[in-house]
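Per this note's numbering, the very first residue in the sequence shown carries number 191; after that it's consecutive. In this text, a Cβ means the ideal position worked out from N, Cα and C, and glycines have one as well. Since the model is a prediction, treat every value here as computed from it, not as a measurement.
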Amino acid sequence: MHAPRTARRLAGFVSLTALVLSSAAISLPSHAASGDRDGDGMPNRWETRHGLDPDVANATGDKDRDGLRNLREYRKSAYPDDEDTDDDGHDDGDEVKDDSAGTKVSDDDTDGDGKLDGDEDLDRDGVDNEDEDDAAEACRRDDDDRDADDVADEDENELGKEVGDDDSDDDGVRDGDEDEDEDGESDEDEDDSDVDECDDADEDEGDQLGTIVSYDAFTGALVVLTGHVGELTFVVTEDTEIEFDSSGPGSGEDGSPEDLVEGQVVIEVEVDDDEDEDEDEDEDDEDDDAVHSAATGRVLEEIELQRS
């Protein structure tokens, strides 16, 4: 006895449906089944947790610009949104590159000697690991700064400051506005560079070094009264660039020694770090020796004044 035609059709439909579903299951990409919708090798949850889009393949991106691609960050148990996962001052990209030399991206003191990996000097060239990459970084302000004081976390310990406290000595002056080495350049500017692609203007907004107490046109001695280290003495030479700040009327204009008058507000200065070496090489120049013996201080490469 044959089954009713309707029953046979229903059975055929069910069998066909099962076959289609079975085939679909077999053809599903393995990454979809494992929770990686975009198939970039990184799990959806991990991408979401670190600010990546789980629906867009971005394995080759570098969200935190530390020189380590996102997929490599995942494989190394690093964070793609933090350029220094273990907060040791040594960027993730450099840690991976230096892994064979003794540092690991997920351990802030790989050799257990009590010194952070960033403060080590693996190649023994006199430059700490954390500073080796500064010359190559496109944007130094990418460095972690958890307390937003404009001093990178990796530099806080070197300056005697505390990570997580924007005024480590509780003197009412932000750490970034301090001048630890009393060179006229605030701590927040110590790692700035002319080739740095970051916009460093924001960190200096509203800053002032101090006011001019006196200027001797003959010796070039310039005395500036600061709010946190007292008086600082500099030397202005014919090569010193004098300019007004980049905001307000007359902004960006060049100044002159005539503008170095008592009470003039000084925004910031840049000292000539090579001047001491130059002086040693020019000992035979009696005129220069006479001037510098009369004016003791750091030679200025540039001084920025506030427009009145």
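Let me make sure I understand the geometry here. Which of the options has the alpha-carbon closest to that of residue i?
i	options	result
ALA407	ASP315, LEU312, VAL425, ASP278	VAL425
GLY279	VAL341, ASN260, VAL456	VAL341
SER296	ASP369, THR401, GLU263	GLU263
ASP274	ASN319, ASP315, THR430	ASN319
GLU452	GLY420, ASP429, ASP243, LEU412	LEU412
GLU428	ALA249, GLY283, ARG265, SER446	SER446
ALA338	GLU346, ARG235, ASP356, ASP284	ASP356
GLU372	VAL461, THR409, ASP335	VAL461
GLU421	MET232, LEU399, GLY410, GLU285	LEU399
ALA247	ASP276, ARG314, THR416, GLY231	GLY231
Beta-carbon separation of residue i and residue j under 8 Å?
i	j	result
ASP228	ASP256	no
ASP309	ASP298	no
ASP435	GLN496	yes
GLY145	THR423	Outside the shown range of the chain (191 to 498) lies residue 145, about which nothing can therefore be said.
GLU156	SER376	Any answer about residue 156 is impossible in this case: the structure gives the chain only from 191 up to 498.
ASN260	ASP272	no
VAL456	ILE493	yes
SER358	ASP367	no
LEU242	PRO270	yes
THR430	LEU349	no
Any idea which residues DSSP pairs residue i with across the strands?
i	result
PHE434	LEU495
LYS294	ASP297
ARG488	PHE424
Could you spell out where the alpha helix (DSSP H) holding residue i opens and where it closes?
i	result
TYR264	260-265
THR238	234-239
GLU285	282-287
Just to confirm the assignment, what range does the beta strand (DSSP E) spanning residue i have?
i	result
GLY400	400-405
VAL413	411-416
THR423	421-425
VAL455	455-461
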